[in-house]
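What follows is one structure encoded as structure tokens, with my remarks underneath.
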Amino acid sequence: MLAGGPSDSRFASAVKKEDRKNSAEPTRIHGHVEHASSMSDGAPERDSVIQLERKSVMGRSPTEAEMSRAFSKKRPALGYWDNRGIAEPIRLLLHYVGVEFDDVRFDVGPPPAYDKSDWLLVKDHLGLSAPNLPYWIEPGGLRLTQSHAITLYLAQKHGVDGESAAVRGRAIMAHECVRDCVSAFMAVTYCNAPGYCDAAEDGVHAAGALQAARQSARFNAKRDAYLKEKLPSHLDTFTTMLRHGATGWVAGSAEPTYADLCLGEALDQHLIFAPHCLDAPAHEPLRAFMGRFRGLPAVAAYHQSERFKAEPLHNRYAHFHCGWLHSAEKYYTQRHYTPRSAGEAKKSRRRELCRDILALVLLLGVLGAMMAVGRTAIEFHELEEHVEQEAACAADLPMCNMTGCCCPSPANFVDAGGVSLESASGI
Ligand SMILES: N[C@@H](CCC(=O)N[C@@H](CS)C(=O)NCC(=O)O)C(=O)O
Numbered sequence: 009m010l011a012g013g014p015s016d017s018r019f020a021s022a023v024k025k026e027d028r029k030n031s032a033e034p035t036r037i038h039g040h041v042e043h044a045s046s047m048s049d050g051a052p053e054r055d056s057v058i059q060l061e062r063k064s065v066m067g068r069s070p071t072e073a074e075m076s077r078a079f080s081k082k083r084p085a086l087g088y089w090d091n092r093g094i095a096e097p098i099r100l101l102l103h104y105v106g107v108e109f110d111d112v113r114f115d116v117g118p119p120p121a122y123d124k125s126d127w128l129l130v131k132d133h134l135g136l137s138a139p140n141l142p143y144w145i146e147p148g149g150l151r152l153t154q155s156h157a158i159t160l161y162l163a164q165k166h167g168v169d170g171e172s173a174a175v176r177g178r179a180i181m182a183h184e185c186v187r188d189c190v191s192a193f194m195a196v197t198y199c200n201a202p203g204y205c206d207a208a209e210d211g212v213h214a215a216g217a218l219q220a221a222r223q224s225a226r227f228n229a230k231r232d233a234y235l236k237e238k239l240p241s242h243l244d245t246f247t248t249m250l251r252h253g254a255t256g257w258v259a260g261s262a263e264p265t266y267a268d269l270c271l272g273e274a275l276d277q278h279l280i281f282a283p284h285c286l287d288a289p290a291h292e293p294l295r296a297f298m299g300r301f302r303g304l305p306a307v308a309a310y311h312q313s314e315r316f317k318a319e320p321l322h323n324r325y326a327h328f329h330c331g332w333l334h335s336a337e338k339y340y341t342q343r344h345y346t347p348r349s350a351g352e353a354k355k356s357r358r359r360e361l362c363r364d365i366l367a368l369v370l371l372l373g374v375l376g377a378m379m380a381v382g383r384t385a386i387e388f389h390e391l392e393e394h395v396e397q398e399a400a401c402a403a404d405l406p407m408c409n410m411t412g413c414c415c416p417s418p419a420n421f422v423d424a425g426g427v428s429l430e431s432a433s434g435i
């Protein structure tokens, strides 16, 4: 699978090896948090098993904070890299159907290492059967990966997969066509990604830069060929589907389906990549479609909200990352994207250590207080006995024929003949 792009196991294993080799301080960004609606299917919670399965990755296990950021258990979580990539259609779908979720975004470090430890630390600890990004985890329930499976599951669950078997079939077909187009697109934007090509072009992944170079000779050639030779036929397909559907939506549904949302997002990314790509007269139906898609109240509300991040577009090692819409520098200085430096990570570990020490001190304090209370109770009991003894003396009871004080020492007890019990017994 391609990290940030289409499936390519060769790429994934190369990247994994590279990541483990380049292990450094994890960097992270904090995904925004939204309140949850219940998504549980009632499946048994397996976190106890997952706890036991935890193992060390890159020399250490994930901390509780890292685990609960990946999945807080309070809300469903969609995990992905911090970019639109192949997860944005799912984010869009979730906003469209009104499901609240944690938008968990993992960071990739800067070139040339592109450290991915932020994700790799938790990857094998989330109870995913096929660990990958994007993932979808529901509290106490389902854990899914594979973008297609997540999309279809959510669409079915929330009734945006089409109103009839025929429409549902066409929606699946349209979605697959969108995925083909996106794969071809990513083969261009990731053409210099580590492990995806035999060798990256010089200067594309420069140390000290914040991301891969925005252009290169290879990228420019592939982009031009894609826009000229491949994209038009994908656009023709979508145009034909819209014509056949005759409802304005790609599967011919009365209302938009998930396939329309996926197509809308794919075309949106293409319009950033090549702003004139829909200009041909033959693609007028697609321009009209984009107007309808963007005008859907839920889509418009999401695109205008703080939660929508127009950039990064693809991953940091792609040519299509930050700076296509706004200044990349401005983007990198935004708070949500400031990667944690090694110093900050150290500080955070120190904070965690201080918190643990404080908890220990508090625990010891509570234990000490409990012991003090116990001791006081014993002393009180002894005092009570003492008072009873004194009362017995005062009443001149036969049990205690006191010679001096009333202390219940054997030396103070005398038998009727005035002999101390202690001396009589030879103590
Ligand atoms: N077929 C999978 C591909 C998943 C994939 O390639 N994920 C990339 C990001 S787009 C990745 O970096 N995964 C993390 C990993 O391999 O650990 C899907 O559609 O979800």
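Going by this note's numbering, the first residue of the sequence shown is number 9, and it counts up by one from there.
From the three backbone atoms N, C-alpha and C, an ideal C-beta is built for every residue, glycine too.
- Taken through DSSP and simplified to helix, strand or coil, Gly303 comes out as helix.
- Linking Gly331 to Leu218 through their CA atoms gives a straight-line distance of about 11 Å.
- No Cβ-Cβ contact shorter than 9 Å links Ala290 with Ile180.
- The alpha-carbon of Val130 is positioned some 41 Å away from that of Ala174.
- Contact between the stretch 235 to 246 and the stretch 135 to 146 is absent: fewer than 3 CB-CB pairs across the two stretches fall below 8 Å.
- With a cut-off of 8 Å on Cβ pairs, the stretch 100 to 120 is in contact with the stretch 313 to 330, counting three or more such pairs.
- Two segments are said to touch when three or more pairs of C-beta atoms, one from each, lie closer than 8 Å; by this definition the stretch 89 to 103 touches the stretch 269 to 276.
- Counting only the Cα atoms, Thr197 lies some 10 Å from Asn228.
- Ranked by how close their Cα comes to the Cα of Trp89, the residues Tyr234, Asp111, Thr384 and Gly211 have Asp111 in first place.
- Taken atom to atom, the span from the alpha-carbon of Gly167 to that of Gly177 is near 14 Å.
- In this structure, the C-beta of Pro142 approaches ligand 1 to less than 8 Å from one of its heavy atoms.
- Under the three-state reduction of DSSP output, Leu152 falls in the strand class.
- Gly170 and Val186 have their C-alpha atoms roughly 17 Å apart.
- Closest in alpha carbon position to Ala296, among Trp257, His311 and Phe328, is Trp257.
- Contact check for Thr159 against His183 passes: the beta carbons are separated by less than 9 Å.
- For Ile98, the enclosing alpha helix (DSSP H) begins and ends at Glu96 to Val105.
- Ligand 1 has a heavy atom closer than 8 Å to the beta-carbon of Gly93.
- With contacts defined by Cβ atoms closer than 9 Å, Tyr104 and Ala306 form a contacting pair.
- Ligand 1 has no heavy atom closer than 8 Å to the beta-carbon of Leu101.
- Across the set Ser137, His329 and Leu86, the C-alpha of Leu86 shows the shortest separation from the C-alpha of Arg113.
- Annotated as proximal: Ala220 and His329, with beta-carbon spacing under 9 Å.
- A direct Cα-Cα distance of roughly 50 Å separates Pro320 from Val374.
- Contact check for Asn200 against Ala192 fails: the beta carbons are separated by 9 Å or more.
- Per DSSP, reduced to three states, the secondary structure at Phe114 is strand.
- In terms of Cβ geometry, Ala288 and Leu243 form a close pair [threshold 9 Å].
- Here Thr265 is buried. Its C-beta has 16 or more other C-beta atoms within 10 Å.
- Taking Arg231 as the centre and dropping the five residues before and after it, the same chain places the C-beta of Val196 closer than 6 Å to its C-beta, in chain order.
- Shown here, Ala121 sits in coil according to DSSP, grouped into three states, outside any helix or strand.
- When DSSP states are grouped into helix, strand and coil, Gly253 belongs to the helix group.
- For Gln154, the shortest separation between its Cβ and any heavy atom of ligand 1 lies below 8 Å.
- DSSP lists Val112 and Tyr143 as the bridge partner or partners of Gly87.
- For the stretch 223 to 253, there is no continuous beta strand (DSSP E) assignment of 3+ residues that stays within its boundaries.
- In the three-state DSSP reduction, Arg383 falls in the helix class (H, G or I).
- Per the coordinates, the alpha-carbon of Leu370 lies some 10 Å from the alpha-carbon of Gly376.
- Thr384 has its alpha-carbon roughly 57 Å from the corresponding atom of Lys124.
- Shown here, Arg178 sits in a helix according to DSSP, grouped into three states.
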